[in-house]
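Asker:
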Amino acid sequence: MSRVLSTEQAKTAIRQIQSIVNGGFTDQISQLDAQGRVLSDSNVWDGPLASNFRGSTWPETKAALDKAKTELEQLRTQLDKISQDIFTAGGGA
78 MSRVLSTEQA KTAIRQIQSI VNGGFTDQIS QLDAQGRVLS DSNVWDGPLA SNFRGSTWPE
138 TKAALDKAKT ELEQLRTQLD KISQDIFTAG GGA
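Numbers given in my numbering equal positions in the sequence shown, counted from 1, plus 77.
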């Protein structure tokens with residue numbers, strides 16, 4: 078038989094993670110993406126540093142942001158199940 082444990086600390090940690098993710102963290106990633114797109118427009122910003130930003134800095138950063146956003150959205154879904162399992166294991170408190 079496997080061990081099932083649900084402490085108040087676990088419940089609190091789940092709620093805090095949910096609060097951070099649901100509290101706009103993914104929205105902030107979207108806002109960063111929007112500003113990165115603005116800076117990637119050569120009609121807005123141009124020159125050697127801007128070219129470097131458009132060519133490597135921003136594409137690499139955008140890929141990392143997209144991955145983080147996807148993983149946060151997956152975490153949000155998993156947290157709903159995890160929290161339900163924890164709360165059920167702990168007597169639904």
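Each residue gets a CB set at the ideal place from its N, CA and C atoms; glycine is no exception. In this text, all values refer to a predicted model and were calculated from it rather than measured experimentally.
On the DSSP letters alone, give me the boundaries of the alpha helix (DSSP H) that asparagine 129 sits inside.
Answerer: Counting from 1 along the sequence shown, the entry for residue 129 is found at position 52. Looking at the DSSP string, the run of the alpha helix (DSSP H) that includes asparagine 129 is 125 to 129.
Asker: Is it the case that the Cβ atoms of glutamine 95 and leucine 156 are separated by a distance below 8 Å?
Answerer: Taking the first residue of the sequence shown as 1, we reach residue 95 at position 18. Taking the first residue of the sequence shown as 1, we reach residue 156 at position 79. In this structure, leucine 156 lies closer than 8 Å to glutamine 95 by Cβ.
Asker: If we call anything under 8 Å between Cβ atoms a contact, is leucine 152 one with isoleucine 106?
Answerer: On the sequence shown, position 75 is the one that residue 152 refers to. On the sequence shown, position 29 is the one that residue 106 refers to. No, the pair does not count as a contact, with Cβ atoms beyond the cut-off.
Asker: Taking buried to mean at least 16 other C-beta atoms within 10 Å of its own C-beta, is isoleucine 91 buried or exposed?
Answerer: Your numbering for residue 91 matches position 14 in the sequence shown. The residue in question, isoleucine 91, is buried, as its Cβ has 16 or more Cβ neighbours within 10 Å.
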